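Chemist: Numbering (this note's numbering), first residue to last: 18 to 243. Backbone N, C-alpha and C fix where the C-beta goes; we use that ideal spot for every residue, glycine too. Remember, it's a predicted structure, so these values are computed and weren't measured experimentally. Submitted below is the structure of interest, expressed as structure tokens.
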Amino acid sequence: MAERVLVIDCATPALSIALFEGPALEGSTPLAAVHQELGRGHAEALLPAIATLPEGGRCDQLLVDIGPGSFTGVRVGLAAAMALGFAWQVPAHGFGCLDLVAAIARDRLGPTGSFAVTMIGGHGELFWALAPAADDPAAGDPLKVRSTPIQALADMIDAPLLVGSGAALLIEAGVRAEAVPLLPDAREAFRLSPRQRTRPARPDYGRGADAKPMATGHAPRPAAVR
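Shown next as structure tokens:
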């Protein structure tokens, strides 16, 4: 029986889902897909989009973008994957946002050497990683992602090619390189290596959470006024 895999990606402004079917999925074309650059509103749009897929997206396995990216988008995608996985009793695995962008760049642009993947991270920072050349044995490993202020990254990065949503910001900050804007696309998920697409379905926020936990102790009560 052919395996169906539902890919969910809403860690960036793109709402991207794809349903694959077949015994060998590497490089395959999805059975059905939805890809829109919404910007916001993933929480409201994700489940209705999945419902438009054949059999409501019913699958044998789920793949979900675990980040880093939008904190809200990462949580929305993971929550949907966990809920559907529980309802359908199927496993869910994760993949990295920058890993997928790097895989898309290798296919579309054909860089001959290493290049930088950089995605907008909020708070004046960019998520980034150096992606190895396609013939490097490490090309199939998950990228080591960091989060750095834009200007600090512009002052240190040395790569002839920048890809991702943060590429243009680095050019504006003074980096001299080719910049290609790219967002992750669920339709390209099987360009990822098996190691990259079998990560635990847990969030990778790329940096600490924005909100800080409240102190666990109690402030002293003021003395009674007499």
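I need the boundaries of the alpha helix (DSSP H) containing R125, first residue and last residue.
Modeler: By one-based count along the sequence shown, residue 125 stands at place 108. Note, R125: alpha helix (DSSP H), C114 to L126.
Chemist: Just how far apart, CA to CA, sit A236 and C27?
Modeler: Here the question's residue 236 lines up with position 219 in the sequence shown. Here the question's residue 27 lines up with position 10 in the sequence shown. Because the pLDDT at A236 is just 42, under 50, the model does not fix this residue reliably, and the value given afterwards should be weighed accordingly. Answer to the nearest angstrom: the Cα atoms are 41 Å apart.
Chemist: Thinking just about the alpha-carbon of each residue, which of G139, R123 and F88 is nearest to the one in F132?
Modeler: Translated into the one-based positions of the sequence shown, residue 132 becomes position 115. The shortest C-alpha separation from F132 is found at R123.
Chemist: Does the segment 57-67 come within contact of the segment 156-173, defined as at least 3 CB pairs closer than 8 Å?
Modeler: Because the criterion of three Cβ pairs below 8 Å is not met, the segment 57-67 and the segment 156-173 do not touch.
Chemist: What are the start and end residues of the alpha helix (DSSP H) that includes E142?
Modeler: The count along the sequence shown starts at 1 and reaches residue 142 at position 125. Not the alpha helix (DSSP H): E142 falls in the beta strand (DSSP E), residues E142 to A148.
Chemist: Could you tell me whether the segment 218-225 touches the segment 78-89, where touching means 3 or more Cβ pairs closer than 8 Å?
Modeler: Cβ pair count under 8 Å is three or more, so yes.
Chemist: Do you know offhand how far V162's Cα is from L115's?
Modeler: Stepping through the sequence shown from its first residue, residue 162 is reached at position 145. Stepping through the sequence shown from its first residue, residue 115 is reached at position 98. Those two C-alpha atoms are separated by around 8 Å.
Chemist: Quick one: grab the DSSP three-state call for E43.
Modeler: Here residue 43 refers to the residue found at position 26 when the sequence shown is read from its first residue. Note: E43 maps to coil in three-state DSSP.
Chemist: Which same chain residues end up closer than 6 Å to T69 when comparing Cβ atoms and leaving out the 5 residues on each side of it in sequence?
Modeler: Here residue 69 refers to the residue found at position 52 when the sequence shown is read from its first residue. Closer than 6 Å at Cβ, skipping near neighbours: no residue.
Chemist: Between the C-alpha atoms of G157 and A119, what's the straight-line distance to the nearest angstrom?
Modeler: Working through the sequence shown from its first residue, we reach residue 157 at position 140. Working through the sequence shown from its first residue, we reach residue 119 at position 102. One C-alpha to the other measures close to 11 Å.
Chemist: In chain order, which beta strand (DSSP E) runs of at least 3 residues are fully inside the segment 48-120?
Modeler: Listed in chain order, they are 49-54, 78-82 and 109-112.
Chemist: Nearest to L160 by alpha carbon, out of D152, T129 and W145?
Modeler: Along the sequence shown, read from residue 1 onward, the residue named residue 160 stands at position 143. Answer by Cα proximity: W145.
Chemist: Give me the Cβ distance between R21 and L32, rounded to the nearest whole Å; I'm assuming they're in contact under 8 Å.
Modeler: The residue you call residue 21 lines up with position 4 of the sequence shown. The residue you call residue 32 lines up with position 15 of the sequence shown. Contact flag wrong, Cβ pair sits at about 20 Å.
Chemist: At which residue ranges does the segment 157-214 contain complete alpha helix (DSSP H) runs of 4 or more residues, listed in the order of the chain?
Modeler: Fully enclosed alpha helix (DSSP H) runs of 4 or longer: 167-173 and 184-189.
Chemist: Which of helix, strand or coil does DSSP assign to A35?
Modeler: By one-based count along the sequence shown, residue 35 stands at place 18. In the structure shown, A35 sits in a strand (DSSP, three-state: E or B).
Chemist: Going by DSSP, what residue range makes up the beta strand (DSSP E) through D26?
Modeler: Working through the sequence shown from its first residue, we reach residue 26 at position 9. D26 -> beta strand (DSSP E) spans R21 to D26.
Chemist: From the DSSP output, in three-state form, read off A228 for me.
Modeler: Along the sequence shown, read from residue 1 onward, the residue named residue 228 stands at position 211. Per-residue confidence for A228 stands at a pLDDT of 42, beneath the threshold of 50, marking its modelled position as unreliable; the derived number appears in the next sentence. A228: coil per DSSP, three-state reduction.
Chemist: Tell me the DSSP secondary structure of A133 in three-state form.
Modeler: Along the sequence shown, one-based indexing puts residue 133 at 116. Strand, per DSSP.
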